[in-house]
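The next block holds one structure in the form of structure tokens; read it before the comments.
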Amino acid sequence: MPFQSAVGTARKGLRIDDDVRFIRSWIEKPLAIGAVMPSSKPLARAMASFVDPKADGKVVELGPGTGAITEALVEHGVDESRLVLVEFNSNFCRLLRARYPAATVIQGDAYRLRRLFGEVLRGEVSAVVSGLPLVTKPLRTRVRLLNEAFGLLEPGAPFVQFTYSVVPPIPRSLARVRVEASERIWLNLPPARVWVYRRG
139 MPFQSAVGTA RKGLRIDDDV RFIRSWIEKP LAIGAVMPSS KPLARAMASF VDPKADGKVV
199 ELGPGTGAIT EALVEHGVDE SRLVLVEFNS NFCRLLRARY PAATVIQGDA YRLRRLFGEV
259 LRGEVSAVVS GLPLVTKPLR TRVRLLNEAF GLLEPGAPFV QFTYSVVPPI PRSLARVRVE
319 ASERIWLNLP PARVWVYRRG
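Residue numbers (the working numbering): 139 to 338.
What follows is the structure, encoded as structure tokens:
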């Protein structure tokens with residue numbers, strides 16, 4: 139079998155394994171995982187496209203799961219050593235450390251960024267990319283997360299979030315920041331949209 143074909147087959151095998159891991163985790167804790175399947179490649183690429191691969195700051199990814207969006211960030215040109223992956227699930231953490239050894243993987247509650255980071259990374263983050271199931275949380279929790287993320291971000295840097303909902307995960311009126319949205323990404327299960335929030 140040619141090398142390229144072997145790599146493709148191996149990656150398909152990994153993708154199927156990731157789907158199984160996600161389904162199992164979702165059955166155990168559906169509100170914690172928030173997705174039945176990992177993000178599709180079109181959705182992951184759309185998320186990554188809002189991140190500047192040439193920036194100096196860290197890129198914090200919230201709820202990376204098995205690393206579908208992480209992979210897209212690396213393919214987009216983000217240096218793996220810039221990645222800080224915050225994941226609650228211990229099995230996913232082990233998987234991420236094996237797949238992205240140069241990244242920093244932190245097991246913890248991504249909804250408590252101030253508690254996780256304190257003053258570390260303040261103003262030194264060039265993007266926060268979130269795969270968290272925000273719409274399953276109270277609105278107050280979502281707004282707090284956004285504010286805590288902006289405490290880490292450089293001025294004008296993006297907070298990138300996807301949602302399956304047709305409305306923004308954090309209403310424009312409450313966010314009080316610049317908000318933009320991608321086209322609906324139909325090649326995802328279920329279809330999703332990327333929302334980007336910027337302050338300053």
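Note that CB positions come from ideal geometry on N, CA and C, so glycine has one too.
Sixteen is the threshold: since fewer than 16 other Cβ atoms of the shown chains lie within 10 Å of the Cβ of W324, the residue is exposed. A contact is defined here as three or more CB-CB pairs under 8 Å, and the region 184 to 197 meets this definition with respect to the region 252 to 268. Taking each of L312, H214, A287, R253 in turn and checking the Cα distance to R278, the smallest one comes out for L312. For F300, the uninterrupted beta strand (DSSP E) segment begins and ends at 296 to 301. Put simply, the region 278 to 294 does not touch the region 207 to 219. Fewer than three CB pairs are less than 8 Å apart. For the region 285 to 334, the full-length alpha helix (DSSP H) segments reaching 4 residues or more read 310 to 313 along the chain. Under the three-state reduction of DSSP, K196 is assigned to strand. Counted as a single uninterrupted DSSP element, the alpha helix (DSSP H) harbouring A210 occupies residues 206 to 213. If you look at A265, you'll find it in the beta strand (DSSP E) that goes 263 to 268.
Judged by their CB atoms, V304 and V332 are not nearer to each other than the 9 Å cut-off.
Here the alpha carbons of V212 and R253 stand approximately 27 Å from one another. Residue burial annotation: K196 is buried, with at least 16 other C-beta atoms found within 10 angstroms of its C-beta.
For R336, the three-state secondary structure derived from DSSP is strand.
For the 9 Å CB-CB criterion, L223 and P202 form a contact. As DSSP reads the structure, V222 sits in a beta bridge with V198, T242. With respect to the C-alpha of A295, the residue from R322, S228, R316 having the closest C-alpha is R316. Sorting P239, V273, A240, V198 by C-alpha distance to the C-alpha of A248 places V198 at the top. When secondary structure is reduced to three states using DSSP, V273 falls in the helix class. Residues A206, I207, A210 of the same chain have their beta carbon placed closer than 6 Å to that of A182, with the five preceding and five following residues left out of the count.
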